[in-house]
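Q: Below is one structure. I have some questions about it.
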Amino acid sequence: MDFLSNIMKYIDEDSEIAIDKIKDKDIRILPQNINRIEAEWIFEAIVTMRYTPILAIRYTYDKKRIEIDKLHLNKYEDLLEYLSDNSYTNIIITNEKVDFMLFQPEGTEYSLLVGNCDFINKAYKCTYKTHIDIFLDEIDMEDNIKMKKYLKTKLDKYILNQA
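The opening residue of the sequence shown carries number 360 in my numbering; numbering runs sequentially from there.
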């Protein structure tokens, strides 16, 4: 199976990561844009775990335009720049074996980090409970009722239904 076919099986009908394809992985849901600290942790985890080459899949909601980029990340700022430059589309950053995934949906309301326990512990250095508390705090601070509901559905989909 080629890389594109392999990675596309992880995308559900809503153009998000299919929960049934990642049930055996650890998952962290991050509020809004990846910040500098998170980018540094994720970058260091990718390097430490030797998950190279790093690839990014950019795709539209309807999956009619799909592009693959080979990323040359020399520092965490390169990761931040790539995510920022492509925030207009859905992105999955991974490697050829799909050992991990960093998913950022179009509009960057949240990000999803998926991988084995070792990778997640290196890539997001807080406890499972703290990570949920951070996301819940973000939901609580949101003024837009529609956005609150949207973020709550993502928390339910990826985290609470897994517990």
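Just so it is clear, CB atoms sit at the ideal spot from N, CA and C, and this is done for glycine as well. On a predicted model such as this, the values are computed, not experimentally measured, just so you know.
Does the segment 500-512 come close enough to the segment 406-416 that 3 or more CB-CB pairs lie under 8 Å?
A: The answer is no - the segment 500-512 does not touch the segment 406-416, with fewer than three Cβ pairs under 8 Å.
Q: Going by DSSP, what residues sit across from Asp428 in a beta bridge?
A: Paired residue(s): Ala415.
Q: Under the three-state reduction of DSSP, which class applies to Tyr420: helix, strand or coil?
A: Here Tyr420 sits in coil by DSSP.
Q: Of the residues Ile450, Thr419 and Asp373, which one's Cα is nearest the Cα of Asp428?
A: Taking only the C-alpha atoms, the option nearest Asp428 is Ile450.
Q: What is the rounded straight-line gap between the Cα of Lys422 and the Cα of Cys485?
A: Cα to Cα, the separation comes out at about 34 Å.
Q: May I ask which residues mark the beginning and end of the alpha helix (DSSP H) holding Ile498?
A: Residues Tyr487 to Met500.
Q: When you compare each of Ala377, Leu461, Asn365 and Asp458 to Lys516 by their alpha carbons, which one comes out closest?
A: For Lys516, the nearest C-alpha among the options comes from Ala377.
Q: Considering only heavy atoms of the ligand SAM, does any lie closer than 8 Å to the CB of Arg395?
A: Of ligands this structure carries none, so the ligand SAM is not represented either.
Q: In its own chain, which residues sit with a C-beta less than 7 Å from the C-beta of Leu432, not counting the 5 before and 5 after it?
A: Hits under 7 Å: Phe402, Ile413 and Leu438.
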